[in-house]
Amino acid sequence: MRSGGLEMMSSSAAAIVAFNLKEATNWWSDVNESPVWQDRIFHVLAVLYGIVSVIAVIQLVRIQLRVPEYGWTTQKVFHFLNFLVNGVRALVFVFRRDVQNMQPEILQHILLDIPSLAFFTTYALLVLFWAEIYYQARAVSTDGLRPSFFTINAVVYVIQIALWLVLWWKPVHLMVIISRMFFAGVSLFAALGFLLYGGRLFLMLQRFPVESKGRRKKLQEVGYVTTICFTCFLIRCIMMCFDAFDDAADLDVLDHPILNFIYYLLVEILPSSLVLFILRKLPPKRGITQYHQIQ
1 MRSGGLEMMS
11 SSAAAIVAFN
21 LKEATNWWSD
31 VNESPVWQDR
41 IFHVLAVLYG
51 IVSVIAVIQL
61 VRIQLRVPEY
71 GWTTQKVFHF
81 LNFLVNGVRA
91 LVFVFRRDVQ
101 NMQPEILQHI
111 LLDIPSLAFF
121 TTYALLVLFW
131 AEIYYQARAV
141 STDGLRPSFF
151 TINAVVYVIQ
161 IALWLVLWWK
171 PVHLMVIISR
181 MFFAGVSLFA
191 ALGFLLYGGR
201 LFLMLQRFPV
211 ESKGRRKKLQ
221 EVGYVTTICF
231 TCFLIRCIMM
241 CFDAFDDAAD
251 LDVLDHPILN
261 FIYYLLVEIL
271 PSSLVLFILR
281 KLPPKRGITQ
291 YHQIQ
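Counted from 1, the sequence shown has number 48 at position 48 by the UniProt record's numbering; the numbering is strictly sequential.
In C-alpha cells:
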C-alpha cells in the first residue's frame with residue numbers, strides 16, 4: 001500500500017509539472033503569435049531606446065556647455081554615437097511591422113543590422129580610448145592605434161556591405177547564416193578587445209600607489225565597464241550563433257517579440273544605460289586634454 005501511494009503521489013507531481021510546463025509554453029506562444037502583444041513589446045523597446053538616446057544627447061549637450069572651446073573630443077563622439085545608435089534603433093522598433101514588410105528583403109536586413117554595426121563602432125571607440133591611455137602610461141607610441149581603429153571598422157563595414165550585396169543578388173539562406181556568423185565573430189572580437197585593454201588598464205591602475213588621487217574610483221570605473229561590455233558582446237556572439245542555425249532563435253521575425261525584448265535589453269539597452277551612468281562625470285573646465293575625456 002505504501003509503495004502504491006508513493007507511486008500515485010509521484011504520478012500526480014509529474015502531471016502537475018507537465019501541466020505547468022504546458023501552460024507556460026501556451027503563454028509564450030500566445031504572446032508571440034499575438035499582433036497586439038508584438039506591437040506592445042516592440043513599442044516598449046522603442047521607448048527604452050528613446051530614453052537612452054535622450055540621456056546620451058543630454059550628456060553631450062552638458063559636455064559641450066562645460067567645454068565649448070573644444071571640438072569633437074573622444075567623449076563627445078562616444079555620446080553622439082550612443083545618441084545616434086539608440087535613436088535609430090528606437091525608430092526601427094516604432095515601425096517594426098513596416099520594416100518587416102519592406103521589399104526587397106535586403107532592406108529589412110540593412111535596417112536591422114546597421115544599428116548593430118554602429119553599436120560595435122561606438123564601443124570600439126571606448127577600447128581605442130583605453131588602449132591610448134594604457135600605451136601612453138607605458139611611454140609607448142600610440143600613432144598606429146587610430147589608423148588601426150579606422151581600418152578595422154572599414155574592413156567590418158566593407159565585408160558586411162559585400163554580404164548584403166550578395167544576399168540581394170542571390171537571397172539564399174546560406175548567405176543569411178554567413179552574415180550572422182560574421183557578426184558573431186565581430187562581437188567576439190569586440191569582447192576580446194574589452195578583455196585585453198580593459199584588463200590591462202585595470203591591472204595597471206591596481207599597481208598605482210594606494211594614495212593616488214582618484215585611483216579607487218577609476219579602478220571601479222574600468223572594472224565595471226569592462227565587465228559590462230565584455231558580457232554584452234559575448235552574449236551577442238552566442239545569440240548570433242543560435243540565430244544563424246536555429247529558427248526558434250531568429251531575431252529578424254515579428255513572431256519572436258519576447259526573445260527580441262530579452263536580447264536587445266541584455267546586449268544594448270542595459271549595457272548602454274549602465275555605461276552612460278558610470279561615465280556621467282563631466283570633464284574639468286580647465287586643463288582638459290584630448291586623451292582624458294571619458295571620465
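Where is the CB? At the ideal position from N, CA and C, for every residue including glycine.
This one's a predicted model, so the numbers in the text were calculated from it and none came from an experiment.
With DSSP run on the structure shown, which of helix, strand or coil describes Gln136? helix
Quick check on this structure: which residue in His43, Leu128, Phe189 has the alpha carbon closest to the alpha carbon of Arg89? His43
Going by other Cβ atoms of all chains shown within 10 Å of its Cβ, with 16 needed for buried, is Arg96 buried or exposed? buried
Alpha-carbon spacing of Glu69 relative to Ile58, whole angstroms: One C-alpha to the other measures close to 18 Å.
Just to confirm, are Leu251 and Asn260 a CB contact at a threshold of 8 Å? By the CB criterion at 8 Å, Leu251 and Asn260 fall inside the cutoff.
Is Ser273 helix, strand or coil when you go by DSSP? helix
Leu107: which of Leu165, Phe183, Glu132 sits nearest, CA to CA? Leu165
Span separating the alpha-carbon of Gln100 from that of Val253: 7 Å
Could you check the C-alpha separation between Met239 and Val61 for me, to the nearest Å? 35 Å
Beta-carbon proximity of Cys232 to Leu266, cut-off 8 Å: In contact: Cys232 and Leu266 (Cβ atoms closer than 8 Å).
Using the C-alpha atoms, what's the distance from Met181 back to Val222? Straight through space, the alpha carbons of Met181 and Val222 are spaced by roughly 29 Å.
In the structure shown, what three-state DSSP assignment does Asp250 receive? coil
Give me, in chain order, the residues of the same chain whose beta-carbon lies closer than 7 Å to that of Ile110; leave out the 5 immediate sequence neighbours on both sides. Trp164
Is any heavy atom in the ligand NAD found nearer than 7 Å to the beta carbon of Thr227? Judged by which ligands are present, the structure shown has none, so any question about the ligand NAD falls away.
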